[in-house]
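**Q** Mind looking over this structure? Questions follow.
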Ligand SMILES: [Zn+2]
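In this note's numbering, the protein residues as written are 11 to 638.
Now the structure itself:
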């Protein structure tokens, strides 16, 4: 295995004293107190084995799965270190904000470290975003832990425990070894496994076993803000059980001892998913399991994060497999790590019956149409969206279609559909991407959690084992293209074409139904929130020509107070007319009347079946198992 560690990091770690003395028998001990989590305050007590002399302690910086240096050091407070009851002063490194230096006095074999994490971040962003409410808390151990510099995270040992509010329950992939209901203690694990094993706790909590005939065991652990949010219907639970079965069929392996979906259903927390080897941190709107629209809009989240247990955690691009939290990560293969996962997340959602084949096609139509109306693709290629991931994840605020964003997710859907259909065509439907997946993700069969790094050449080599083809050329072309248009070859080879009609597809309807605003993206070039704020303007569109921009607010449409349906009607009614659509727009207190000269009516993306072609797309989303 070859690890690409940048020169900067080698310079940084060379020559330092290796003072850490942790072992499985003498681990770091950490107890995290979550009883004040409803007040957004989390406290930890640690004891860290040391030797006398200078010592550097580190706080995790590069968080696996987030692909950027965003460890939440800004909210780490109350750091107090003692040895044998005496205070030990710490000094932050002048350059590395995630390192502190101490001098351990003679006779001190372990230091006591106390710190607090202020969980005050707003409800956006990723794992460092809001993670608590009055009724629940999601603990990411990297928020609180310090560890001695100089060792791979797999070689640092930690024995964790937590204190949770009375009456709350919890779920985690960690193995309970002692303690009691409010103060459970867990088996000693490596620092790597600890940070990879968050803990979800809550007042309203359900643990639902999934696909109980499958070994290892799988659990859906949900903490919500109200008891009614836990009323999953049997079809939804069956869908998640199907997901367990379908991954077994597609990936022909499992790389964990058990798996916990840790689902936070709350409007008070950030909404996203973060993969782990034996669990996933899935944060969704509170009503997700009792609202059809929200459930559809989250259909691919658990399939995506679960897929990462294979693609991302077990098989990991060499540049992301740094083995610690300090070395910069290289994201140039994120179009495999995230792109292939995004493709399979959507496919598995359909195979598991978490969405219908028609809904799958509507998602794909949306992605394809969004990427096809993405003028930024004429200056920034797909490869650069991956290489530049760490500057793109937190970008936003408008003009995303010109900047491009982490497009390797959605464009990954198109690239891997292209590969899947190409394999099917080349082998006369005898093989498919499933054959690649069983070789690539199932390397070595079932294994415990571990990392098997790969390179671009490994991806190409495995594809060639499935069926010989110039895969390298195909992938290079997709990665470096500056074409104004998205690669739609996979959709067309799959038997469909991207078309636009005046009717919104099911996904658009679900977004509107869930209060997600108005899309007139493919008509006048506007995406607008439910209260009229312009989220984005498509470069080159009629709205762009009318000099509209993100952040402005539409207050009136054709002389009447703004509403989403009114804007939709205005676009519909302008068809065949000469008069422009008239908007009154406010921009930081300045009002302007704007005419949008557009007369082609609403345009929403759909996939339309092409007669006389092979229907690979429908085959791809057929279940591989019979389900239950
Ligand atoms: Zn992902």
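Glycine residues also receive a C-beta, built at the ideal position from the N, C-alpha and C atoms.
Since the structure is predicted, the reported quantities are computational estimates derived from the model, not experimental observations.
1. Could you pull the DSSP bridge partners for residue 446 from this structure?
2. If you draw a straight line from the C-alpha of residue 165 to the C-alpha of residue 203, how long is it?
3. By DSSP's criteria, residue 125 is part of a beta bridge. Which residues make up the other side?
4. Find the nearest neighbour of residue 143 within the set 75, 348, 214, 492, judged by alpha-carbon distance.
5. Using the rule of at least 16 other Cβ atoms within 10 Å of the residue's Cβ for burial, across every protein chain shown, is residue 332 buried or exposed?
6. Please determine whether the Cβ atom of residue 76 lies at a distance below 6 Å from any heavy atom of ligand 1.
7. Tell whether a beta-carbon distance below 7 Å holds between residue 352 and residue 292.
8. I need the straight-line Cα distance from residue 518 to residue 525, nearest angstrom please.
9. When you compare each of 125, 138, 192, 623 to residue 435 by their alpha carbons, which one comes out closest?
10. Do you know how far the Cα of residue 42 is from the Cα of residue 640?
11. Looking at residue 67 and residue 110, is the spacing between their C-beta atoms short of 7 Å?
12. Around the Cβ of residue 405, are there at least 16 other Cβ atoms within 10 angstroms (buried) or fewer (exposed)?
13. Hey, could you find the ends of the alpha helix (DSSP H) residue 251 is sitting in?
14. Out of 198, 445, 205, 245, which has the shortest C-alpha to C-alpha gap to residue 220?
15. Suppose contacts are defined by Cβ-Cβ distances below 7 Å. Is residue 154 in contact with residue 125 by that definition?
16. Is residue 1 near ligand 1, with its Cβ less than 6 Å from a heavy atom?
17. Please determine if the region 321–328 and the region 297–306 are in contact, where contact requires at least 3 C-beta pairs separated by less than 8 Å.
18. Note down, in chain order, each residue of its chain lying with its Cβ closer than 7 Å to the Cβ of residue 254, except the 5 sequence neighbours on either side.
19. Ligand 1 and residue 348: does any heavy atom of the ligand fall closer than 6 Å to the residue's C-beta?
20. With 16 as the cutoff for other CB atoms within 10 Å, does residue 362 come out buried or exposed?
21. If you measure between the beta carbons of residue 520 and residue 307, is that distance less than 7 Å?
22. For residue 525, which three-state DSSP category applies?
23. Is DSSP giving residue 630 helix, strand or coil here?
24. One question on the structure: do residue 193 and residue 168 come within less than 7 Å of each other, judged by their Cβ atoms?
25. Less than 7 Å separating the beta-carbons of residue 58 and residue 121?
26. Assuming residue 428 and residue 349 form a contact by the criterion Cβ under 8 Å, report the distance between their Cβ atoms to the nearest whole angstrom.
27. Could you check what DSSP says for residue 282 in three-state terms: helix, strand or coil?
28. By Cβ distance, which residues of its chain are closer than 7 Å to residue 410, with the 5 residues on each side in sequence left out?
29. Check each candidate in 335, 98, 397, 247 and name the one with the smallest Cα separation from residue 163.
30. Could you pull the start and end residues of the alpha helix (DSSP H) that residue 316 belongs to?
31. Anyone know if the C-beta pair for residue 385 and residue 426 falls short of 7 Å?
32. Mapping the DSSP letters down to three states, classify residue 379 as helix, strand or coil.
33. Quick check on the DSSP output: the alpha helix (DSSP H) that includes residue 502 runs from which residue to which?
34. Can you tell me where the alpha helix (DSSP H) with residue 155 in it begins and where it stops?
35. From residue 613 to residue 257, what distance separates their C-alpha atoms?
36. Counting along the chain, where does the alpha helix (DSSP H) carrying residue 466 start and finish?
**A** Walking through what the data contain:
1. Paired residues: none, contrary to the question.
2. 10 Å
3. 54
4. 214
5. buried
6. no
7. no
8. 11 Å
9. 623
10. Because the chain here runs from 11 to 638, residue 640 falls outside it and cannot be looked at.
11. yes
12. exposed
13. 244–261
14. 245
15. yes
16. Outside the displayed span of the chain (11 to 638) sits residue 1, for which this structure offers no information.
17. no
18. 220, 221, 224, 228
19. yes
20. buried
21. yes
22. coil
23. helix
24. no
25. yes
26. Residue 428 to residue 349, Cβ: 11 Å. No contact.
27. strand
28. 546
29. 335
30. 311–317
31. no
32. helix
33. 499–503
34. Where residue 155 is concerned, there is no enclosing alpha helix (DSSP H), given that its DSSP letter is neither H nor E.
35. 36 Å
36. 466–476
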